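Chemist: Taken in order, the sequence shown gives residues 220 to 519; the numbers are from the working numbering. Before I ask anything, here is the structure I am working with.
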Amino acid sequence: MSLAEIPFRKAMPFEYGVAAEVTPGVRRIIAENPSSFTHVGTNTYLVGSGEVAVIDPGPLIEQHVDNIEKALEGETVTHIVVTHTHMDHSPASDWLKELTGAPIVGALPRSQGDGKAVEASQEDFAPDIEISNGSEINGPGWTLDAVFTPGHMSNHYCFRLREGNTLFSGDHVMGWNTSIVSPPDGNMLEYLDSLRLCMARDEVMYLPGHGPEIKKPAPFVRAYLNHRMMREGEITKCLESGTTTITEMVRRMYSHLPEKMYGPASRSVLAHMEHMVETNRADCDGPVTINSIFAPPSRN
Numbered sequence: 220m221s222l223a224e225i226p227f228r229k230a231m232p233f234e235y236g237v238a239a240e241v242t243p244g245v246r247r248i249i250a251e252n253p254s255s256f257t258h259v260g261t262n263t264y265l266v267g268s269g270e271v272a273v274i275d276p277g278p279l280i281e282q283h284v285d286n287i288e289k290a291l292e293g294e295t296v297t298h299i300v301v302t303h304t305h306m307d308h309s310p311a312s313d314w315l316k317e318l319t320g321a322p323i324v325g326a327l328p329r330s331q332g333d334g335k336a337v338e339a340s341q342e343d344f345a346p347d348i349e350i351s352n353g354s355e356i357n358g359p360g361w362t363l364d365a366v367f368t369p370g371h372m373s374n375h376y377c378f379r380l381r382e383g384n385t386l387f388s389g390d391h392v393m394g395w396n397t398s399i400v401s402p403p404d405g406n407m408l409e410y411l412d413s414l415r416l417c418m419a420r421d422e423v424m425y426l427p428g429h430g431p432e433i434k435k436p437a438p439f440v441r442a443y444l445n446h447r448m449m450r451e452g453e454i455t456k457c458l459e460s461g462t463t464t465i466t467e468m469v470r471r472m473y474s475h476l477p478e479k480m481y482g483p484a485s486r487s488v489l490a491h492m493e494h495m496v497e498t499n500r501a502d503c504d505g506p507v508t509i510n511s512i513f514a515p516p517s518r519n
């Protein structure tokens, strides 16, 4: 499946600084940190009214935190919820805790990375409440259930809002683009398993960390998974034709992208190669790294 076959929706009506209702009981504030990784910016969500949870306070940008504070005027924050600890999602949680006294809810990553990952992580993240799969967070008129979805990052969680059967999908599934899986903290096997987990769920809408809401998530997640299977098929063809390095694979597989995006693409191909070597669908000249030499699997 090509990217063209995933039903992306990049256009979204919004205004920076405005807490706009996206579904009953949920408001969205978009941080002004647009980029090729964040689309128009990070989505910060306010769940409930009066006593609210804030999901992904976002980057520590003065204008964004001022907008959050303004939107929360007259309300009490009961929980500060973090889907994962990339720098565009979690750093403002410490500021919001200091402002409101609310506990930070989230999980620690498996590792802090090797300094080569595409997206930097918040190394000093320290949740007051460390969650696990199925953890419940609630307030007046709303309940969030934690859904463990590692892959994009080892501590990635989605959160189901029972009222409305909506899933806050973080960066696991986004409506505007595919998600980057960048080792060592990103893991392709975990990511694919997490996509399959979502396929088995029944939420009627996803609210992602970037981009517009996804109103028909089931076919969208299926397309995401099919796209990853297509990438592994492309890698197999590369290996069979003598393309043996990630650099060469990226130039062949992502020729439609500008060269500035080859770095992020290389990280995702690395994640695929880790998975394919682990599952005996490719051979490697040693531990899997970005500079490894690969080959089709040996047939013993």
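Backbone N, C-alpha and C define an ideal beta-carbon position, used for all residues, glycine too. The model shown is predicted, which means the values in this text are computed figures rather than measured ones.
How should alanine 290 be labelled, buried or exposed, when 16 other C-beta atoms within 10 angstroms of its C-beta is the threshold for buried?
Modeler: If you number the sequence shown from 1, residue 290 lands on position 71. Buried: at least 16 other Cβ atoms inside 10 Å.
Chemist: Which of helix, strand or coil does DSSP assign to tryptophan 395?
Modeler: Your numbering for residue 395 matches position 176 in the sequence shown. Here tryptophan 395 sits in coil by DSSP.
Chemist: Helix, strand or coil for histidine 283 per DSSP?
Modeler: The sequence position of residue 283 within the sequence shown is 64, counting from 1. Histidine 283: helix per DSSP, three-state reduction.
Chemist: Buried or exposed: where does glycine 505 fall if 16 or more other Cβ atoms within 10 Å of its Cβ makes it buried?
Modeler: Reading the sequence shown from its first residue, position 286 is the one you call residue 505. Glycine 505 comes out exposed.
Chemist: Mapping DSSP to helix, strand and coil, what is glycine 358?
Modeler: Position 139 of the sequence shown holds residue 358. Correct three-state label for glycine 358: strand.
Chemist: Can you tell me which of Trp314, Arg447, Phe256, Ile512 puts its alpha carbon nearest to the alpha carbon of glutamine 282?
Modeler: For the purposes of this step, residue 282 is taken as residue 63 along the sequence shown, with counting starting at 1. Ranking Trp314, Arg447, Phe256, Ile512 by Cα distance to glutamine 282 puts Trp314 first.
Chemist: Rounded C-beta distance between valine 400 and serine 309? I'm assuming under 8 angstroms.
Modeler: Within the sequence shown, the letter at position 181 stands for residue 400. Within the sequence shown, the letter at position 90 stands for residue 309. The distance from the Cβ of valine 400 to that of serine 309 is about 19 angstroms, inconsistent with a contact at the 8 angstroms cut-off.
Chemist: Let me know if isoleucine 512 comes out buried or exposed under the rule of 16 or more other beta-carbons within 10 Å of its beta-carbon.
Modeler: Mapped onto the sequence shown, residue 512 falls at position 293. With fewer than 16 Cβ atoms within 10 Å of its Cβ, isoleucine 512 is classed as exposed.
Chemist: Our contact map puts leucine 426 next to threonine 368 with C-beta atoms below 8 angstroms; I'd like the distance itself, whole angstroms only.
Modeler: As a working mapping, residue 426 is identified with position 207 in the sequence shown. As a working mapping, residue 368 is identified with position 149 in the sequence shown. Going by Cβ atoms, the distance from leucine 426 to threonine 368 rounds to 14 angstroms, so no, they are not a contact pair.
Chemist: So, at 8 angstroms on beta carbons, what are the nonlocal neighbours of leucine 444 in its own chain, with the 5 sequence-adjacent residues on each side left out?
Modeler: For the purposes of this step, residue 444 is taken as residue 225 along the sequence shown, with counting starting at 1. Counting only Cβ-Cβ distances below 8 angstroms, and skipping sequence neighbours, we find Leu411, Leu414, Arg415, Met418.
Chemist: How is aspartate 502 classed by DSSP in three states: helix, strand or coil?
Modeler: Start at 1 with the first residue of the sequence shown, and residue 502 comes out as number 283. Looking at aspartate 502 - three-state DSSP - the assignment turns out to be strand.
Chemist: Using CA atoms only, rank isn't needed, just tell me which of Val423, Gly430, Leu279 is closest to threonine 397.
Modeler: Start at 1 with the first residue of the sequence shown, and residue 397 comes out as number 178. The candidate whose alpha carbon is nearest that of threonine 397 is Gly430.
Chemist: Within 10 Å of its beta-carbon, does serine 340 have 16 or more other beta-carbons around it, so buried, or fewer, so exposed?
Modeler: Numbered from its first residue, the sequence shown carries residue 340 at position 121. Residue burial is scored here from C-beta neighbours: serine 340 has at least 16 other C-beta atoms within 10 angstroms and is therefore classed as buried.
Chemist: Measuring straight from C-alpha to C-alpha, what distance separates leucine 279 and proline 243?
Modeler: In the sequence shown, residue 279 corresponds to position 60, counting from 1. In the sequence shown, residue 243 corresponds to position 24, counting from 1. When rounded, the distance between both Cα atoms is 27 angstroms.
Chemist: If you run the structure through DSSP and keep just helix, strand and coil, what is proline 427?
Modeler: Within the sequence shown, residue 427 is the residue found at index 208, counting from 1. Three-state DSSP puts proline 427 in a strand.
Chemist: Bridge partners for serine 340 per DSSP, in chain order?
Modeler: For the purposes of this step, residue 340 is taken as the residue at position 121 of the sequence shown. Partner(s): His305.
Chemist: Thinking arginine 379 and aspartate 390 are a contact (beta carbons under 8 angstroms), I'd like their distance in whole angstroms, please.
Modeler: For the purposes of this step, residue 379 is identified with residue 160 of the sequence shown, where counting begins at 1. For the purposes of this step, residue 390 is identified with residue 171 of the sequence shown, where counting begins at 1. That pair is no contact at about 16 angstroms.
Chemist: Assuming isoleucine 454 is part of the alpha helix (DSSP H), what are its boundary residues?
Modeler: The residue labelled residue 454 in the question sits at position 235 within the sequence shown. That run of the alpha helix (DSSP H) goes 436-459.
Chemist: Name the DSSP beta bridge partners of glutamate 270, please?
Modeler: Taking the sequence shown and counting its residues from 1, one reaches residue 270 at position 51. Thr295, per the DSSP bridge assignment.
Chemist: Please list, in chain order, all residues of the same chain as glycine 260 whose beta carbon is under 6 angstroms from its beta carbon, the five residues on each side excluded.
Modeler: Locating residue 260 in the sequence shown gives position 41, where the first residue counts as 1. Ile249, Ala250, Glu251, Asn252, Pro253, listed in sequence order.
Chemist: Going by other Cβ atoms of all chains shown within 10 Å of its Cβ, with 16 needed for buried, is aspartate 343 buried or exposed?
Modeler: Stepping through the sequence shown from its first residue, residue 343 is reached at position 124. The residue in question, aspartate 343, is exposed, as its Cβ has fewer than 16 Cβ neighbours within 10 Å.
Chemist: Nearest-angstrom Cα distance between glutamate 409 and proline 438?
Modeler: Here residue 409 refers to the residue found at position 190 when the sequence shown is read from its first residue. Here residue 438 refers to the residue found at position 219 when the sequence shown is read from its first residue. Taking the straight line from one Cα to the other gives about 20 angstroms.
Chemist: Grouping DSSP H, G and I as helix and E and B as strand, with all else coil, what is alanine 514?
Modeler: Numbered from 1 along the sequence shown, position 295 holds the residue referred to as residue 514. Strand.
Chemist: Rounded to whole angstroms, how far is the Cβ of threonine 295 from the Cβ of glutamate 270, which I believe are closer than 8 angstroms?
Modeler: Position 76 of the sequence shown, counting from 1, holds the residue named residue 295. Position 51 of the sequence shown, counting from 1, holds the residue named residue 270. Sure, about 5 angstroms apart at Cβ, within 8 angstroms.
Chemist: Between Thr466, Glu493, Glu497, Met424, which has its C-alpha nearest proline 483's C-alpha?
Modeler: Looking up residue 483 in the sequence shown gives position 264. Considering only alpha carbons, the answer is Thr466.
Chemist: Ends of the beta strand (DSSP E) at histidine 379?
Modeler: Residue 379 sits at position 160 when you count from the first residue of the sequence shown. Residue 379 is actually arginine in this sequence, not histidine. Note, arginine 379: beta strand (DSSP E), 376-380.
Chemist: Could you tell me which of His298, Asn406, Asp275, Thr319 sits nearest to glutamate 292, measuring between CA atoms?
Modeler: Here residue 292 refers to the residue found at position 73 of the sequence shown. Selected option, being the one with the closest Cα: Thr319.
Chemist: From asparagine 499 to proline 516, what does the alpha carbon distance come to, in whole angstroms?
Modeler: On the sequence shown, residue 499 is found 280 positions in, with the first residue counted as 1. On the sequence shown, residue 516 is found 297 positions in, with the first residue counted as 1. If you take the alpha carbons of asparagine 499 and proline 516, they lie about 6 angstroms apart.
Chemist: Excluding five sequence neighbours on each side, which residues of the same chain lie with their C-beta closer than 6 angstroms to the C-beta of alanine 345?
Modeler: Here residue 345 refers to the residue found at position 126 of the sequence shown. Taken in chain order, the list of residues that qualify is empty.
Chemist: Can you have a look at serine 485 and say buried or exposed, based on whether 16 or more other CB atoms are within 10 angstroms of its CB?
Modeler: Residue numbering aside, residue 485 sits at position 266 when the sequence shown is read from its first letter. With 16 or more Cβ atoms within 10 Å of its Cβ, serine 485 is classed as buried.
Chemist: Whose C-beta lies closer than 7 angstroms to the C-beta of methionine 495 among residues of the same chain, with five residues either side of it excluded?
Modeler: The residue you call residue 495 lines up with position 276 of the sequence shown. Within the same chain, methionine 495 has close Cβ partners Glu451, Ile454, Ala501.
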